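Student: Sequential numbering of the sequence shown, starting at 31, is according to the working numbering. Please find one structure pasted underneath; my questions will follow.
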Amino acid sequence: MKLILLGAPGAGKGTQAEVICDKLAIPAISTGNILREAMKNGTEMGRKAKSYIDSGALVPDDVIINIIKERLAADDCKNGFILDGVPRTVAQAEALEEMGVEIDKVVDIEVSDDTIVKRLSGRRVCSACGASYHTLYKPSALPDRCDRCNGQLIVRKDDEPATILERLRTYHELTEPLVDFYKERGKLVVVEGQEEVADTSRLLLEKLGV
Ligand code: AMP
31 MKLILLGAPG
41 AGKGTQAEVI
51 CDKLAIPAIS
61 TGNILREAMK
71 NGTEMGRKAK
81 SYIDSGALVP
91 DDVIINIIKE
101 RLAADDCKNG
111 FILDGVPRTV
121 AQAEALEEMG
131 VEIDKVVDIE
141 VSDDTIVKRL
151 SGRRVCSACG
161 ASYHTLYKPS
171 ALPDRCDRCN
181 GQLIVRKDDE
191 PATILERLRT
201 YHELTEPLVD
211 FYKERGKLVV
221 VEGQEEVADT
231 SRLLLEKLGV
C-alpha cells in the first residue's frame, strides 16, 4: 500500500507512521528525519536546510523532491511505503504525480491548533537515536533519557514556542490545500486525532481496512 499521512506538525503523523509500518511491513519515510540526519552529519543539504527548519519555514520544493525521488527508488519501497510529512505543498504533490507514483490513500489526521501547541511544546526527542517522547502523553521511564538507547532527550529547536506558531501558519497556508487536492482525487481519508495515541491508531487502521 502507498500511503500519505497529512496533518499539522504535531498531529501525530510520525507515531502513526510507525504503527502502520509495523502492521504492514512497509517503510515509513519522513523527510523531516532525513533532513535532521543530514543536518547532524553536516552535509551540504543539511547546511542548506538548517535555517529553514530552525525558523519554522519549509525547505524549498526542489530539495524535497530530490530527496523523495532518491528514497522512493530504493528497493524497500517496492511493496509500498508511508510518506510522513511529505508532500507539504501542492508543487510536491504534483511532482509525485509526475514521477508516476500512484498513491492509494491519503490520511488526514485532524487536530485543533490549541492541541497542537500543547503537544509540540511537550515533545522531546532523543539526541542519539531520534526516538520521540512527550512529557505528558509519552514520558520516558527516566527523566530526559531515552528508553531505547539511554541518549539525552532534548527539545527540537523548531518546537520552541515562536517557531511552533510559525510552523502552524505555514501549515495552514501551504499544506492544508492538499486536503482538497486529494479529496478531488478520491483518495482522502479523515481521522480525528484522539487524546490517546492508541485510539487514533485504532481509528486509522479501521479506516484503512487493515
Ligand atoms: P517534520 O519533522 O516533518 O515536522 O519536519 C521538520 C521540518 O523539516 C519542517 O518544519 C520543514 O522545515 C522541513 N520539512 C520536512 N519535510 C518537508 C517537506 N516535505 N517540505 C518542506 N519542508 C519540509
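Every residue gets a Cβ at the ideal spot worked out from N, C-alpha and C, and that includes glycine. In this text, all values refer to a predicted model and were calculated from it rather than measured experimentally.
Taking the alpha helix (DSSP H) that residue 51 belongs to, which residues open and close that run?
Tutor: As a first step, residue 51 must be located in the sequence shown, where it is residue number 21. Its alpha helix (DSSP H) spans residues 43-54.
Student: Can you tell which of 138, 123, 140 and 54 has its C-alpha closest to the C-alpha of residue 132?
Tutor: The sequence position of residue 132 within the sequence shown is 102, counting from 1. Among 138, 123, 140 and 54, the Cα nearest to that of residue 132 belongs to 123.
Student: Using 8 angstroms as the cut-off, classify the Cβ of residue 182 as near or not near the heavy atoms of the ligand AMP, replying yes or no.
Tutor: Here residue 182 refers to the residue found at position 152 of the sequence shown. No, the beta carbon of residue 182 sits no closer than 8 angstroms to any heavy atom of the ligand AMP.
Student: Give me the Cβ distance between residue 61 and residue 141, rounded to the nearest whole Å; I'm assuming they're in contact under 8 angstroms.
Tutor: One-based indexing of the sequence shown puts residue 61 at position 31. One-based indexing of the sequence shown puts residue 141 at position 111. Actually they do not touch by this definition, with Cβ atoms about 20 angstroms apart.
Student: Here's a check: name, in chain order, each residue in its chain whose Cβ is nearer than 8 angstroms to the Cβ of residue 171, leaving out the five neighbours to either side.
Tutor: Taking the first residue of the sequence shown as position 1, residue 171 is located at position 141. Within the same chain, residue 171 has close Cβ partners 177.
Student: Please classify residue 58: does DSSP put it in a helix, a strand, or coil?
Tutor: If you number the sequence shown from 1, residue 58 lands on position 28. In this structure, residue 58 counts as strand in the three-state DSSP scheme.
Student: Jot down the residue ranges of each uninterrupted beta strand (DSSP E) in the segment 100-141, minimum 3 residues, whole runs only, in chain order.
Tutor: 111-114 and 135-140, all fully within the segment 100-141.
Student: Under DSSP, the beta strand (DSSP E) around residue 170 begins and ends at which residues?
Tutor: Indexing the sequence shown from 1 puts residue 170 at position 140. Careful: residue 170 lies outside any beta strand (DSSP E) and carries neither H nor E.
Student: To the nearest angstrom, how far is the alpha carbon of residue 238 from that of residue 185?
Tutor: Position 208 of the sequence shown, counted from the start, is the residue given in the question as residue 238. Position 155 of the sequence shown, counted from the start, is the residue given in the question as residue 185. Each residue's alpha carbon lies about 32 angstroms from the other.
Student: Have a look at residue 135 and residue 217 and give me their C-alpha separation to the nearest angstrom.
Tutor: For the purposes of this step, residue 135 is taken as residue 105 along the sequence shown, with counting starting at 1. For the purposes of this step, residue 217 is taken as residue 187 along the sequence shown, with counting starting at 1. Approximately 5 angstroms between the Cα atoms of the pair.
Student: When the Cα atoms are used, what is the spatial distance from residue 152 to residue 36?
Tutor: Working through the sequence shown from its first residue, we reach residue 152 at position 122. Working through the sequence shown from its first residue, we reach residue 36 at position 6. If you take the alpha carbons of residue 152 and residue 36, they lie about 21 angstroms apart.
Student: What does DSSP give as the partner residue(s) for residue 82 in the beta ladder?
Tutor: Against the sequence shown, residue 82 aligns to sequence position 52. Bridge partners of residue 82: none, in fact.
Student: Take residue 154 and list the residues in its own chain whose beta-carbon comes closer than 8 angstroms to its own, dropping the five residues that flank it on each side.
Tutor: Locating residue 154 in the sequence shown gives position 124, counting from the first residue. Closer than 8 angstroms at the Cβ level, and outside the excluded window around residue 154, lie 162, 163, 164, 165, 170, 174, 183, 184 and 185.
Student: With a threshold of 8 angstroms (Cβ to nearest heavy atom), would residue 44 be considered close to the ligand AMP?
Tutor: Locating residue 44 in the sequence shown gives position 14, where the first residue counts as 1. Yes.
Student: What's the gap between the Cα of residue 99 and the Cα of residue 129?
Tutor: For the purposes of this step, residue 99 is identified with residue 69 of the sequence shown, where counting begins at 1. For the purposes of this step, residue 129 is identified with residue 99 of the sequence shown, where counting begins at 1. Taking the straight line from one Cα to the other gives about 8 angstroms.
Student: Once the 5 residues before and after residue 38 are set aside, which same chain residues still bring their CB inside 7 angstroms of it?
Tutor: Stepping through the sequence shown from its first residue, residue 38 is reached at position 8. Hits under 7 angstroms: 141, 146, 198 and 201.
Student: Cα separation between residue 92 and residue 72?
Tutor: Locating residue 92 in the sequence shown gives position 62, where the first residue counts as 1. Locating residue 72 in the sequence shown gives position 42, where the first residue counts as 1. Spanning the two alpha carbons is a distance of roughly 19 angstroms.
Student: What are the boundary residues of the alpha helix (DSSP H) that includes residue 234?
Tutor: Here the question's residue 234 lines up with position 204 in the sequence shown. Start and end: 227-238.
Student: Where does residue 89 sit, in a helix, a strand or coil, going by DSSP?
Tutor: Position 59 of the sequence shown, counting from 1, holds the residue named residue 89. Reduced to three states, the DSSP call for residue 89 is coil.
Student: Does any heavy atom of the ligand AMP sit closer than 8 angstroms to the C-beta of residue 198?
Tutor: Taking the first residue of the sequence shown as 1, we reach residue 198 at position 168. It does not: the Cβ of residue 198 is nowhere closer than 8 angstroms to a heavy atom of the ligand AMP.
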